[in-house]
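Protein chains in written order, with our numbering: chain A, 81 to 300; chain B, 81 to 300.
Where is the CB? At the ideal position from N, CA and C, for every residue including glycine.
Quick caveat, the model's predicted, so the values are computed rather than measured.
Number of protein chains: 2
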Amino acid sequence: MNKKIALIGGTGPEGKGLAKRLAITGNQIFIGSRKQERGKEIAEELTNELNEYPQICIKGGDNREMAELSEIIIIVVPYSAHKNTLMQIENELEGKIVIDAVVPMEFQKGPRSIEVEAGSATEEAAQILENSTVIGAFHNLSAEILMDLKKDVIGDVLITGNNKEAKQEVSSLAEEIGSIRAVDAGPLRNSKHVENLTVLLIGINGRYKAHSSIIITDIN
Amino acid sequence: MNKKIALIGGTGPEGKGLAKRLAITGNQIFIGSRKQERGKEIAEELTNELNEYPQICIKGGDNREMAELSEIIIIVVPYSAHKNTLMQIENELEGKIVIDAVVPMEFQKGPRSIEVEAGSATEEAAQILENSTVIGAFHNLSAEILMDLKKDVIGDVLITGNNKEAKQEVSSLAEEIGSIRAVDAGPLRNSKHVENLTVLLIGINGRYKAHSSIIITDIN
């Protein structure tokens, strides 16, 4: 596509990985950070890394600024910063598609899910962002594999949401990346199950020394 | 293997499917039901269906009786009967491996998970069955595909539990079936995520007209 896409909290591995993958397919990328300088720094780093792709365009700045410049916003902050970040940039997200990729989890003798009052991070986002269309996606992909462009990205991206057109748009976006297949995982209320699947996968990664993801069988 | 395996609540599709698959690989199967007659009836039905396998041995009766005769017990009751059934047969399960395959869910405009105080059905079983070794497994397989012996069973069985040897034994048992691969999904506290994955899969089955299961990528 040729979309303007912000990655809010995009300076971590997940954000950087998605930024690279979505930049090389022709989208304009905006790396948001709490600190403007940090956003710029990572945008420059990624631009240098991708110097063999002359068409790529990655800018960086603070979260609010980057959200404002974009049409589609992907939230990849740690869960601890989820609520506050969304409240800070609520206005800049109005009328836009917001993709929540945040997994409420912590490490305490291994990965564990964190209970969210709204049910899931994605539903929490939908509660805060009354004037945006919130979709859950990109929870179950390995950041390491996203970042390593020599590797194909194999796996299904489970999409949750209550708006059909927005789900369709997010599905198309997801399928630009590697060999990803988008799968409709139902309404927003299913988001917690998709988020928690990542807790399982991270545990499996530890036990199997893997960068796992999932594939749903028997659908095409 | 050549194990004595009871299916508690084994008269439904999941129980019948597992019974058929585990019978043809050489295990002795005991179909348990609330009603002795119903257990016997299903055992007879399955025996007739499998008449091309002369070695199979499937018996039926009430849950308690079947549990007593078996070394490994698989719980496949509906969640509404989970607690009561386990309390009724607690003594018969002592010192044995109990595999919980129950998914706490209901249909209310589509599939939804049911909150379980213990965290998951499997942890609830572990609380009730203090003197058994409770393992979570077999949640994410399609009953329809299990029942149809003309079809291969493709997918990963996610195994949760706190006892290594028991997990290993359940893994071996699972891998007797079709092309199943057993995957260590971590300690008992992860069970709810495995159980809830079924809520996603059942939704996907409806949307995609499929009998879906999952495969974890990047592990072997």
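Does the distance from the C-beta atom of residue i to that of residue j stay below 8 Å?
{"i": "LYS272 of chain A", "j": "SER200 of chain A", "result": "yes"}
{"i": "ASN128 of chain A", "j": "GLN168 of chain A", "result": "no"}
{"i": "ALA303 of chain A", "j": "LEU229 of chain A", "result": "Past the boundaries of the shown model lies residue 303 of chain A; chain A is included only from 81 to 300, so the question cannot be answered."}
{"i": "ILE154 of chain A", "j": "ALA198 of chain A", "result": "no"}
{"i": "ILE299 of chain B", "j": "ILE225 of chain A", "result": "no"}
{"i": "ILE138 of chain B", "j": "ALA86 of chain B", "result": "no"}
{"i": "TYR133 of chain B", "j": "ILE109 of chain B", "result": "no"}
{"i": "VAL214 of chain A", "j": "VAL178 of chain A", "result": "yes"}
{"i": "LYS96 of chain B", "j": "LEU126 of chain B", "result": "yes"}
{"i": "GLY112 of chain A", "j": "GLY92 of chain A", "result": "no"}
{"i": "GLY89 of chain A", "j": "THR165 of chain A", "result": "yes"}
{"i": "LEU268 of chain B", "j": "ASN242 of chain B", "result": "yes"}
{"i": "ALA217 of chain B", "j": "VAL250 of chain B", "result": "yes"}
{"i": "THR297 of chain A", "j": "THR240 of chain A", "result": "no"}
{"i": "LEU130 of chain A", "j": "ILE136 of chain A", "result": "yes"}
{"i": "ILE152 of chain B", "j": "LYS189 of chain B", "result": "no"}
{"i": "HIS301 of chain A", "j": "GLU148 of chain A", "result": "The question about residue 301 of chain A has no answer, for chain A in this structure spans 81 to 300."}
With 16 as the cutoff for other CB atoms within 10 Å, does residue i come out buried or exposed?
{"i": "SER259 of chain A", "result": "exposed"}
{"i": "GLU117 of chain B", "result": "exposed"}
{"i": "SER252 of chain B", "result": "exposed"}
{"i": "ASN171 of chain A", "result": "exposed"}
{"i": "GLY119 of chain A", "result": "buried"}
{"i": "HIS115 of chain A", "result": "Just to set this straight, residue 115 of chain A is Lys in the shown sequence, not His. Exposed, by the Cβ-count rule."}
{"i": "ASN270 of chain A", "result": "buried"}
{"i": "ASN107 of chain A", "result": "buried"}
{"i": "GLU94 of chain B", "result": "buried"}
With H, G and I counted as helix, E and B as strand and the rest as coil, what does DSSP make of residue i?
{"i": "GLN108 of chain A", "result": "strand"}
{"i": "PRO93 of chain B", "result": "helix"}
{"i": "ALA147 of chain B", "result": "helix"}
{"i": "VAL178 of chain B", "result": "strand"}
{"i": "ILE299 of chain B", "result": "coil"}
{"i": "GLU125 of chain A", "result": "helix"}
{"i": "LYS244 of chain A", "result": "helix"}
{"i": "ILE194 of chain A", "result": "coil"}
{"i": "ILE208 of chain A", "result": "helix"}
{"i": "LEU238 of chain A", "result": "strand"}
{"i": "ARG114 of chain B", "result": "coil"}
{"i": "LYS84 of chain A", "result": "strand"}
{"i": "VAL214 of chain B", "result": "strand"}
{"i": "GLU186 of chain A", "result": "strand"}
{"i": "ILE99 of chain B", "result": "Sequence inspection shows Ala at residue 99 of chain B; the Ile mentioned does not correspond to that position. Reduced to three states, the DSSP call for ALA99 of chain B is helix."}
{"i": "ILE257 of chain B", "result": "coil"}
{"i": "ILE153 of chain B", "result": "strand"}
{"i": "GLY266 of chain A", "result": "coil"}
{"i": "ILE225 of chain A", "result": "helix"}
{"i": "GLY141 of chain B", "result": "strand"}
{"i": "ILE136 of chain A", "result": "coil"}
Who are the Cβ neighbours of residue i in its own chain at under 6 Å, not counting the five residues just before and after it?
{"i": "GLU255 of chain A", "result": "ALA262"}
{"i": "GLU204 of chain A", "result": "VAL196 and ALA198"}
{"i": "MET81 of chain A", "result": "ASN107"}
{"i": "MET146 of chain B", "result": "ALA86, PHE110 and GLY112"}
{"i": "HIS162 of chain A", "result": "VAL182 and ALA201"}
{"i": "ALA223 of chain A", "result": "PRO93, GLU94 and GLY97"}
{"i": "ILE257 of chain B", "result": "ARG101 and VAL233"}
Keeping to the same chain, check which residues put their C-beta closer than 8 Å to that of residue i; ignore five residues upstream and five downstream.
{"i": "ILE194 of chain A", "result": "TYR159, PRO184, MET185 and GLU186"}
{"i": "LYS289 of chain A", "result": "none"}
Starting from the C-beta of residue i, find all residues in its chain whose C-beta is less than 7 Å away, skip the five residues before and the five after it, and write them out in chain order.
{"i": "MET227 of chain A", "result": "PRO93, LYS96, GLY97 and LYS100"}
{"i": "GLU174 of chain A", "result": "ASN211 and SER212"}
{"i": "ARG192 of chain A", "result": "MET185, GLU186 and VAL279"}
Practice problem: Would you check if there are 3 or more beta carbon pairs closer than 8 Å linking the stretch 207-215 of chain B to the stretch 275-290 of chain B? | Solution: Verdict: no, contact absent.
Quiz item: Given 8 Å as the limit, is there contact between the stretch 218-236 of chain B and the stretch 289-298 of chain B, that is, 3 or more CB pairs closer than that?
Solution: Short answer: they touch.
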